[in-house]
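Data first, discussion second: the structure below is written as structure tokens.
In the numbering used here, the protein residues as written are 442 to 502.
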């Protein structure tokens, strides 16, 4: 996921469902799913957590 995020030129949005999470690039064209899968979401601070202990902290706009 990290390498995919480095390639993004637009803003990234977190899209959450009941059981899955997706990171979506929002740009001038249609949204592009950068990553999707299972992760725990924390809204404050905005973080994704995985079962292996890794996490992604998302910077605010």
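All C-beta atoms in this analysis are idealised placements derived from N, C-alpha and C, irrespective of residue type, glycine included.
What you are looking at is a predicted structure, and each value in this text was computed from that prediction instead of being measured.
C-alpha of residue 462 to C-alpha of residue 469: approximately 22 angstroms in a straight line. Under the DSSP assignment, residue 483 falls in the beta strand (DSSP E) whose first and last residues are 481 to 484. Comparing alpha carbon positions, the residue from 485, 453, 498 closest to residue 475 is 453. Of the other Cβ atoms in all chains shown, fewer than 16 fall within 10 Å of the Cβ of residue 498; this residue is therefore exposed.
Across the set 479, 447, 489, 444, the C-alpha of 479 shows the shortest separation from the C-alpha of residue 460.
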